Amino acid sequence: MSDKKYCALTFDDGPSDTTKFILDILKFYNCTASFFVIGDRIKTDDQKETMRKAVAQGCTIENHSYTHGKLIEMSDEELLEEFNKTQEIVYDAVGEYPQFFRAPGLNDKGRLYDVIPLPFAGGSAGTAEWNSRLGDVTSNIDERIKGILSVVCDGHIILMHDCSGNYLTAATLRYIIPKLKEEGYEFVNLRELFRIKGIDPKSASRMQWKDVVKE
Ligand SMILES: [Zn+2]
């Protein structure tokens with residue numbers, strides 16, 4: 021039995037200029053991760069190229085809606101449109117469909133589960149490091165590091181943000197990746213985390229996965 025521990029780094033709200041910095045850091049440390057993208061942020065060839073680069077490095081691209089709007093206020097039809105548009109844009113850019121959905125704001129009102137046909141990813145957002153037009157930077161680098169180290173455990177999904185200008189998150193990674201590697205952690209993308217743990221992400225419904233562990 022290996023005493024290796026695994027967790028998944030996940031990044032919401034990209035792609036952006038920050039994504040490139042994060043990809044360089046992941047490559048340097050030989051880690052993979054999952055990016056939950058906002059469909060309407062994928063417009064330029066450069067953004068599509070960033071996603072292809074992520075996939076070429078072993079990362080996965082997942083679905084974080086099309087507009088990042090208030091999903092619970094939308095009709096079923098609008099919800100499906102949010103979902104499908106991003107599925108197609110990602111497929112068009114990288115040649116494969118997202119396999120996970122994460123609701124903006126981790127909104128988990130039940131109706132979303134009835135409409136969106138993918139497993140939902142949650143995660144710990146304890147780092148409070150989102151910014152740009154979606155909110156404010158609310159934590160400095162020490163708080164971000166502490167936020168991650170205080171929740172991390174084997175099988176955990178760490179939630180961070182690669183929105184534009186969020187360079188402190190990239191800086192945080194430079195600290196936490198080597199530190200957690202020393203403690204026996206390996207960083208893998210979300211699909212890989214489920215495979216390693218032998219858990220089918222569709223085996224639980226109407227919930228957001230936060231830790232991928234056998235009960
Ligand atoms: Zn978001």
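Just so we're aligned, residue 21 is where the sequence shown starts under the working numbering, counting upward by one.
Ideal Cβ placement from N, Cα and C applies to all residues, glycine included.
These figures come from a predicted structure and were not determined experimentally.
For the alpha helix (DSSP H) holding residue i, just list the boundary residues, first then last.
{"i": "G34", "result": "Premise fails: G34 lies in the beta strand (DSSP E), 25-34, not in any alpha helix (DSSP H)."}
Could you give the DSSP three-state label for residue i: helix, strand or coil?
{"i": "V172", "result": "coil"}
{"i": "M71", "result": "helix"}
{"i": "S184", "result": "coil"}
{"i": "I42", "result": "helix"}
{"i": "A123", "result": "coil"}
{"i": "T64", "result": "coil"}
{"i": "N104", "result": "helix"}
{"i": "Y117", "result": "coil"}
{"i": "A141", "result": "strand"}
{"i": "G130", "result": "coil"}
{"i": "K217", "result": "helix"}
{"i": "T192", "result": "helix"}
{"i": "G89", "result": "coil"}
{"i": "L154", "result": "With a pLDDT of 46 at L154, under the threshold of 50, the predicted position of this residue should be treated as unreliable, and no value is reported."}
{"i": "I109", "result": "helix"}
If you check the beta carbons only, do residue i and residue j fall under 8 Å apart?
{"i": "G143", "j": "I165", "result": "no"}
{"i": "Y86", "j": "E97", "result": "no"}
{"i": "E82", "j": "A28", "result": "no"}
{"i": "T277", "j": "L169", "result": "Here the chain comprises residues numbered 21 to 235, so residue 277 is not present and cannot be evaluated."}
{"i": "F55", "j": "D182", "result": "yes"}
{"i": "F207", "j": "T80", "result": "no"}
{"i": "P35", "j": "Q77", "result": "no"}
{"i": "T70", "j": "Y187", "result": "no"}
{"i": "A123", "j": "L91", "result": "yes"}
Tell me where the beta strand (DSSP E) around residue i begins and ends.
{"i": "V57", "result": "54-57"}
{"i": "E82", "result": "80-83"}
{"i": "E206", "result": "205-208"}
Please name the residue or residues paired with residue i in a DSSP beta bridge.
{"i": "D231", "result": "H176"}
query: Three or more C-beta pairs closer than 8 Å, one from the stretch 189-205 and one from the stretch 104-112: is that the case here?
result: Between the stretch 189-205 and the stretch 104-112 there are fewer than three inter-stretch CB-CB distances shorter than 8 Å, so the stretches are not counted as touching.
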